[in-house]
Amino acid sequence: MTDIVEFLVPSPKKAAWVIDVAQGTVSWSNAIAKQRFGEALGICREGLTYIHSDLKEDLSRFLGQSEHSALLCFHWLIRDVHDELYRCTATVISLGEAHPGFSVEAYPCPPNISQKVPRTYGNKTIPERLNSLILMSFAKCGENCFLSSRAKTLFPELRNIRELFAVQSAAQYFIDRVQREKEFHQEIRLSTAEGIRWFQLEAHENPDNGNMDVYAQDIQELRDYEVQLYRLQNYDALTHLPNRNLLYQQLEIAKATADKRERMFGVMYLDLDGFKVVNDTFGHRIGDQLLQEVANRIKTTIPSRSFLYRLGGDEFVVVTEHVQDIVELEDIANLINETGVKPYPVSDMEMLITTSIGIACYPVHGTDIDTLLKNADAAMYRSKANTHNGYRVYEDAMSEGFSAYLTLGGGLRKAIEEGQFELFYQPKVRSSDEQTVGAEALIRWHHPDWGMITPDKFIPIAEESGLILPLGEWVIRRACEQLKLWQEQGLTPINLSVNLSGRQFLQPNLVEVVQQILQETGIDPKYLELELTESMLMSDVNGTIKKLHGFREMGVSLSIDDFGTGYSSLAYLKKFPIQALKIDRSFIQDLGADGEDDAIVKATIAMAQSLNLKVIAEGVESRQQMNLLTGYQCQEVQGYLFAKPMSTLDFETYLKKYQL
């Protein structure tokens, strides 16, 4: 034990003080210690500085064990007034007969420790579990010589340093490094009474006795926080799928692997068809549930070597490595599309939503990551423009199409405001006498620079942007106004049908909007027919039935367009208050040449008759098709055999010529 007189000649450049363990006070401190550490030395009360109780307890226990061992110094950490970390080295001294104490000097900690160990005794500004600096000392043989109070709590049955480690092989590595380097720092998992936890260890070999002094900082909460932060930065909170950050990381790795091994990998850009309709109609809570269901189904559909990412909104990306041929990517896209034909159970509803997919393959469709993603995105938009629930493989011409798509999107609102749209009309002909009894109103866009633009180019943009609602309302109003004009001109009244888009049909106040238009234009509702697709009807069956009955009570006619291409249930079909079915042109084009198409058309007509529904065949282009349909008792037809869609003036001329 060192005498106090010997101690009281400290280096004037070091912070130093004396601790009276029995009293639990700082009995002396130099000016540097007071200036540098202030209240960190202890709590000032009644003119005395009292050390913190947990430090007093550890120092007392250390004194009790030092009488029976070669322990010479006790160490802990302290922060100065500038929040810099210091190591305190306390040597046992005599403050009088049978009155031991400690002389303490403080040394700056290395930067790597200062950044990771946030604590000293008594600091309550961070969670208590992180505050506990744990001191342990072990003999050369590994046996326990001293444990601080916190160490005793965490490792109550610790006899040898090897029992600390969660992985036994890590113990010998740690010991060897300390013996070889005399000082070693490591983050490692230790086995505690509270389970396996992460610690920051700092070990020193005591030069006086060869013991290993170990300082352990519990950093489990810090590790948990880092894991949580990593997930927040790299995973989507809603679907728990990896996000854009991890996508780019994997694509860089996939590119490096493909370059090294001369292989290909594929990227599929996925976008849900009409998802904004779901959000706008049912709310974001339902939309979020649907996204979760879609993500789970796609994840279980794609093969194990494919990875699914969510970019945000309703956009996903699938990355498939080690691709031998683009056909493999097309097969995966087909599997994903097939999942869209099955309803998703969401909030007591069965919802249908499909996916448009764009495919690009490295290095065929791009030699860098950004180009590859851009081209897959362009292919997806081309797929969405052509048909829903499909896919397209990237082609060079699509880049121009994608630029045009974005330009069209920017000009669509302006086109609505400036009235650049016009309705064309295609006649509906009664089969029995080939008289014109109706027409279908079809929208066209007269672009000031690009001329006539067909609906397949701009309707998908209108759907995605939400502009389909004002555009769809304009179509219904313009059709009714034209009907009124023709009636005022003395033309024989005809039925005029208007197509509804998916998003428009899900508009909550659609029935009221149509009713107001009919009242304002003065049109009898029986002359207006609304055409809906099967997928619209099945998106929310209960809501659909209620809305359809609203139209029927108003007197508006209803028909199912493109019948046979969707996935409606015949059990529901009889519940829908509809008046007509339109057989899709895909079944008509090979009529008379394909026995299966003939059988489907005959069966559809027979079924419709049993349900008292009128049948209209669209896409009729030849006299052979017309004769067969007449023989099958199809009531009405529509197609180029009789007339293409015509402008208002041309249709008026046509009506005067071919009507009774």
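Sequence positions in the sequence shown follow full-length UniProt numbering and run 1 to 660. Backbone N, C-alpha and C define an ideal beta-carbon position, used for all residues, glycine too.
Contact under 7 Å by Cβ, residue i with residue j
| i | j | result |
| --- | --- | --- |
| G639 | V620 | yes |
| Y235 | L290 | no |
| V277 | G502 | yes |
| L135 | S148 | yes |
| Q217 | Q233 | no |
| E531 | N509 | no |
| Y269 | V323 | no |
| S559 | A580 | yes |
| K428 | A441 | no |
| L483 | I523 | yes |
| F74 | A90 | yes |
| S431 | C634 | yes |
| Q420 | H446 | yes |
| R392 | G358 | yes |
| G42 | I32 | no |
Nearest-angstrom Cα separation, counted from residue j out to residue i
| i | j | result |
| --- | --- | --- |
| Q435 | V637 | 10 Å |
| L311 | I332 | 19 Å |
| I302 | D288 | 21 Å |
| T622 | L591 | Note on identity: in this sequence residue 622 is Ser, with Thr being the wrong assignment. Cα to Cα, S622 sits roughly 10 Å from L591. |
| R129 | K255 | Summary for R129: the model assigns pLDDT 32, below 50, so the residue's position carries little reliability; its value from the coordinates is reported in the next sentence. Approximately 44 Å between the Cα atoms of the pair. |
| N206 | E183 | 10 Å |
| C44 | A22 | 17 Å |
| K457 | R189 | 60 Å |
| S647 | L496 | 14 Å |
| I19 | D58 | 13 Å |
| K116 | E181 | The predicted position of K116 is uncertain, since its pLDDT is 45 and thus under 50; no value can be drawn from it. |
| V92 | L229 | 44 Å |
| N389 | Q186 | 54 Å |
| T192 | I219 | 13 Å |
| F651 | K582 | 22 Å |
| D561 | S586 | 12 Å |
| N279 | M452 | 32 Å |
| E321 | N375 | 18 Å |
| H68 | P100 | For H68, the predicted structure reports a pLDDT of 47, less than 50, and the residue's modelled location is therefore unreliable. A value from the coordinates is still provided. Distance between the alpha carbons of H68 and P100: 15 Å. |
Endpoints, beta strand (DSSP E) assigned at residue i
| i | result |
| --- | --- |
| G555 | Per DSSP, G555 belongs to no beta strand (DSSP E) and is neither H nor E. |
| P100 | P100 to P108 |
| Q638 | E636 to Q638 |
| M646 | Neither: M646 is in no beta strand (DSSP E) and is coded neither H nor E. |
| residue 661 | Because residue 661 is not part of the residues shown, which for the chain are 1 to 660, the question remains open. |
| P363 | First-last for P363: undefined, no H or E at that position. |
| V323 | E315 to V323 |
| A237 | No beta strand (DSSP E) contains A237, which DSSP labels as neither H nor E. |
| I43 | I43 to R45 |
From the options, residue whose alpha carbon lies closest to that of residue i
| i | options | result |
| --- | --- | --- |
| Q367 | R444, E181, R263 and E183 | The sequence shown places Thr at residue 367, rather than the Gln named in the question. Closest by alpha carbon: R263. |
| L95 | Q420, E473 and V26 | V26 |
| E252 | L649, T371, S399 and Q200 | T371 |
| V475 | R444, G466, N337 and M452 | R444 |
| G466 | P577, L247, T281 and E181 | T281 |
| L485 | A166, P470, T521 and N499 | T521 |
| Y394 | I523, F505, A415 and V267 | V267 |
| P108 | D83, N509, Q516 and K374 | D83 |
| K384 | G631, F316, I459 and Q609 | I459 |
| Y362 | P448, A258 and L423 | A258 |
| F37 | G283, W17 and K414 | W17 |
| L329 | V341, F307, M349 and D348 | F307 |
| P493 | V178, Y527 and K546 | Y527 |
| T339 | K644, F421, L613 and L272 | L272 |
| W28 | L48, K13, A40 and K14 | L48 |
| D54 | S137, K34, A606 and K152 | K152 |
| F102 | L85, S60 and S304 | S60 |
| P577 | F551, D594, D598 and A593 | F551 |
| R382 | I461, D449 and T354 | I461 |
| F138 | R87, G210 and P448 | G210 |
Range of the contiguous alpha helix (DSSP H) that encloses residue i
| i | result |
| --- | --- |
| Q519 | L510 to T521 |
| Y173 | Q168 to E181 |
| H284 | H284 to T301 |
| E330 | I326 to T339 |
| K463 | Checking the sequence, you will find Glu at residue 463 rather than Lys. Residues P455 to S465. |
| L506 | Neither: L506 is in no alpha helix (DSSP H) and is coded neither H nor E. |
| P156 | Counting along the chain, P156 falls outside any alpha helix (DSSP H), and DSSP gives it neither H nor E. |
| E588 | Residue identity check: residue 588 is Ile in the sequence provided, not Glu. It spans R585 to I588 - the alpha helix (DSSP H) in which I588 sits, taken as one unbroken run. |
| S610 | G595 to S610 |
Should the region 157-168 be called in touch with the region 137-147, which here means at least 3 C-beta pairs below 8 Å?
-> yes
Please confirm if the region 239-247 is in contact with the region 220-227, defined as three or more CB-CB distances below 8 Å between the two stretches.
-> no
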